[in-house]
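Beneath this line is the structure, given in structure tokens, with notes to follow.
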Amino acid sequence: MNQEQDIVYFAKTDFRNRERVFGIKRTDRRQHVYVIGQTGTGKSTFLKNIALQDIKSGRGICIVDPHGEFVEEVLTMIPAERANDVIYFNPADSEYPIGFNVLEVPDINNPEYKPIAASSLMGIFTKIWANVWSARMEYILNNAILALLDNPGSTLLGVQRILVDKEYRKQILSHVKDPIVLAFWTQEYEQYEPRFRNEAIAPIQNKVGQFLSSSLIRNIVGQPQSSLNLYNAMNQEKIILVNVSKGRIGEDNSQLLGAMVITKLQLAAMERVRIPEEERKDFYLYVDEFQNFATDSFASILSEARKYRLNLVMAHQYVGQLVTDTSTRVRDAVFGNVGTLIIFRVGATDAEFLEKEFEPEVTIEDLVGLPNHHIYLKLMIDQVRSRPFSASTLPPLAIDSTARTANIIIDASRKTYARKRLDVEEEMNRWSGFGATLGSHTEEKQQTTKQDHIIKKTYTSLPIKQREKEPEVLSRHTLPSAPLSPLLPPSSPPPLFSPLATTKPVSLSSLRPVVSPVTSAHKRLITEKKTPERISELRSILKGVLEKRNTSTQTRKPTVPPISGSLQPGERVKL
1 MNQEQDIVYF
11 AKTDFRNRER
21 VFGIKRTDRR
31 QHVYVIGQTG
41 TGKSTFLKNI
51 ALQDIKSGRG
61 ICIVDPHGEF
71 VEEVLTMIPA
81 ERANDVIYFN
91 PADSEYPIGF
101 NVLEVPDINN
111 PEYKPIAASS
121 LMGIFTKIWA
131 NVWSARMEYI
141 LNNAILALLD
151 NPGSTLLGVQ
161 RILVDKEYRK
171 QILSHVKDPI
181 VLAFWTQEYE
191 QYEPRFRNEA
201 IAPIQNKVGQ
211 FLSSSLIRNI
221 VGQPQSSLNL
231 YNAMNQEKII
241 LVNVSKGRIG
251 EDNSQLLGAM
261 VITKLQLAAM
271 ERVRIPEEER
281 KDFYLYVDEF
291 QNFATDSFAS
301 ILSEARKYRL
311 NLVMAHQYVG
321 QLVTDTSTRV
331 RDAVFGNVGT
341 LIIFRVGATD
351 AEFLEKEFEP
361 EVTIEDLVGL
371 PNHHIYLKLM
381 IDQVRSRPFS
391 ASTLPPLAID
401 STARTANIII
411 DASRKTYARK
421 RLDVEEEMNR
431 WSGFGATLGS
441 HTEEKQQTTK
451 QDHIIKKTYT
461 SLPIKQREKE
471 PEVLSRHTLP
481 SAPLSPLLPP
491 SSPPPLFSPL
501 ATTKPVSLSS
511 LRPVVSPVTS
521 AHKRLITEKK
531 TPERISELRS
541 ILKGVLEKRN
551 TSTQTRKPTV
561 PPISGSLQPG
571 ERVKL
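First residue of the sequence shown? That's 1 in UniProt numbering, and the numbers climb one at a time after it.
Below, the structure written as structure tokens:
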């Protein structure tokens, strides 16, 4: 790379009526760049200009944008030769979620990664849920995350489950190597009284549940394997555009996902330790409104990322955004580690604080009265920070932009890095146990319906002669027992007169209807060719049969049908 390509240009000076365009070298950017200024002063144009130069020069970059406008504009300006290098991570794209498992560490056998991952996640949760955070909540959640980190394929969905599902917890603990974590779950957590346990885990269930209740977020962080490999993306100099727009996914979700991307980039950068330092390629991370993602662990990125060639460009509006009620660590890390400071117009409070960095050349009045697109800066030049000076930023670069190009790039990114929503949800249902249950119930219902249909068809649809030809139709099925007669004791076996009462295979030949003498005589009366004498004879036969039947009905005493195996034929049941 020649010297011209090694510099990104962003401003010009006007010294003695002579304009000179200047920029910053690649080696000096490794000390990071910090930008501060009020809304509308020109920060976005500044960031876009240097990002597009990085893209044009073939460098690898990642832009984390909580508003969405920055990445959407850059997306329309990607050169054709770099279209295949773009990874567009848009959580609002519900039909094609990208897998992003924050519990997936580069090397599970390396003890260095898991504490950093857990600490970073805890820092994110502490920042986002500061109003409900407590020591007990932190203690339990940290042990849950550490346990899940020891199990490859675990996701944030497991946090909820390990708290309440004993069998799942047992399965997870079988892979935990840390004796302290193991002791917490087996000796302490299991001894909690149910009421105390419910009170202790309720805040975790509430906050983690809110985060995972959104299908947009759940379909991203719930995938066991990340489809986005940040380590490879950094080494292959990809263009990662992270659109965590607050207006589309919500403020808390935007902060959580954005901070998680930055945490994963830090872990990916640390993985570069196995690459010789001179062979590590520079990768540039742009974070607009970075106070949204600036946790206490962010300070370690500023101090350690330089040796892994992860170079930051951070922008926000005022210094107070970096200070919490309990900590000034992020603010101290920024002004203690950042090489290049660039200041657009700021308010009086910030001007008073920043004057200490820029005196005696710059006063409070100078910082408060800056016009738009004008800056004061301290620039790293050959590893040495310069004295403060003023400049004006360059206008937007003249680059063709088309929405058609953006759509083509988005489609290509989906095909390479995303999955269809239905496939992702089906996988998560199987993991949670719902998919298998629903499937087995459906299959069982279909099988039962099929058997019922066969039985119904056998009894009602087939002619008698066809039934006799197919005596084994029902032999493949064991028929259910019929309900017992209300006159029979509960322990008595079902009566033999019901063909559905037997538990043995039933042959259709045994189900032939009995032909009564009344039916036979009546049939002959109707169908035979009759002489007057024959008609009189048949009428006498029919009359005699009917009289005999009526007499038998009047004299018969009611009996209970015989019970198989307990009574002789004709005997009565003693009730």
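We treat Cβ as the ideally placed atom computed from N, Cα and C, and that holds for glycine.
In this text the structure is predicted, and so the values were computed from the model without any measurement.
Buried/exposed call for residue i, threshold 16 Cβ in 10 Å
| i | result |
| --- | --- |
| Arg309 | buried |
| Glu19 | exposed |
| Arg16 | exposed |
| Lys114 | buried |
| Gly336 | exposed |
| Ala130 | exposed |
| Tyr139 | exposed |
| Leu546 | exposed |
| Asn84 | exposed |
| Phe196 | exposed |
| His32 | buried |
| Asn198 | exposed |
| Leu148 | buried |
| Ala406 | buried |
| Thr328 | exposed |
| Lys177 | exposed |
| Lys166 | exposed |
| Leu265 | buried |
| Ala259 | buried |
| Ala348 | exposed |
| Ser536 | exposed |
| Ala92 | exposed |
| Ile249 | buried |
Whole-number beta carbon distance between residue j and residue i, since they are thought to touch under 8 Å
| i | j | result |
| --- | --- | --- |
| Ala11 | Ala391 | 4 Å |
| Ile55 | Ile239 | 6 Å |
| Phe298 | Asn253 | About 19 Å; that fails the 8 Å criterion. |
| Phe184 | Asn151 | With a Cβ gap of about 16 Å, Phe184 and Asn151 do not count as contacting. |
| Lys48 | Glu73 | 6 Å |
| Asp288 | Phe70 | 6 Å |
| Leu302 | Val338 | 7 Å |
| Leu341 | Leu312 | Contact doesn't hold; Cβ gap of about 13 Å is too wide. |
| Leu121 | Thr326 | Not quite, the Cβ-Cβ distance comes to about 19 Å (not below 8 Å), so this is no contact. |
Spatial neighbours of residue i in its chain, beta-carbon cut-off 7 Å, leaving aside the 5 residues before and after
| i | result |
| --- | --- |
| Ser401 | Thr76, Met77 |
| Ile98 | Phe89, Ile220, Ser227, Leu228, Tyr417, Ala418 |
| Leu322 | Gln291, Ala294, Val330, Arg331, Val334 |
| Asp6 | Lys25, Arg26 |
| Ser491 | With a pLDDT of only 39 at Ser491, under the threshold of 50, the placement of this residue in the model should not be trusted, and no figure is reported. |
| Arg280 | Arg272, Tyr308, Arg309 |
| residue 611 | Outside the shown range of the chain, which is 1 to 575, sits residue 611, and nothing can be said about it. |
Beta carbon of residue i nearer than 9 Å to that of residue j
| i | j | result |
| --- | --- | --- |
| Val8 | Gly23 | yes |
| Phe353 | Leu370 | no |
| Glu237 | Phe283 | yes |
| Gly68 | Leu157 | no |
| Arg272 | Met234 | yes |
| Thr155 | Asn101 | yes |
| Arg306 | Arg30 | yes |
| Ile128 | Leu256 | yes |
| residue 611 | Ile399 | What is shown of the chain runs 1 to 575, which leaves residue 611 out entirely. |
| Met428 | Asp28 | no |
| Tyr96 | Arg404 | no |
| Val64 | Val319 | no |
| Leu103 | Ala80 | no |
| Leu173 | Leu230 | no |
| Thr39 | Gln317 | yes |
| Pro388 | Val362 | yes |
| Val132 | Pro203 | yes |
| Leu397 | Gln53 | yes |
Close-in-space but distant-in-sequence residues of the same chain around residue i (CB under 8 Å, 5 per side omitted)
| i | result |
| --- | --- |
| Leu367 | Ile343, Arg345, Val346, Asp350, Ala351, Leu354, Glu355, Phe358, Tyr376 |
| Ile201 | Ile140, Leu163, Val164 |
| Val21 | Tyr9, Ala11, Lys12, Leu394 |
| Lys420 | Glu95, Tyr96 |
Residues near residue i in its chain [Cβ-Cβ closer than 6 Å; skip 5 each side]
| i | result |
| --- | --- |
| Lys246 | Pro66, Ser254 |
| Ile50 | Val8, Phe10 |
| Thr41 | Phe344, Arg345, Asn372 |
| His374 | Ser392 |
9 Å Cβ cutoff, residue i in contact with chain D
| i | result |
| --- | --- |
| Pro532 | Chain labels in this structure do not include chain D; a single protein chain is all it has. |
Unbroken stretches of the alpha helix (DSSP H), 4 residues or longer, contained in the segment 119-192: Counting only runs that start and end inside the segment 119-192, the alpha helix (DSSP H) elements of at least 4 residues fall at 135-149, 157-164, 166-173, 179-183.
Whole runs of the alpha helix (DSSP H) within the segment 227-254, excluding any shorter than 4 residues: Runs of the alpha helix (DSSP H) inside the segment 227-254: 230-235, 246-249.
Report the start-end ranges of each alpha helix (DSSP H) in the segment 377-422 that is 4 residues or longer and not cut off at the edges. Qualifying alpha helix (DSSP H) stretches, in chain order: 403-417.
In chain order, each beta strand (DSSP E) run of at least 3 residues that lies wholly inside the segment 253-305: Within the segment 253-305, the runs of beta strand (DSSP E) at least 3 residues long that lie entirely inside it are, in chain order, 283-288.
What are the start and end residues of each continuous alpha helix (DSSP H) run of 4 or more residues lying completely inside the segment 36-77, in chain order? Runs of the alpha helix (DSSP H) lying entirely within the segment 36-77 and spanning at least 4 residues, in chain order: 43-56, 69-75.
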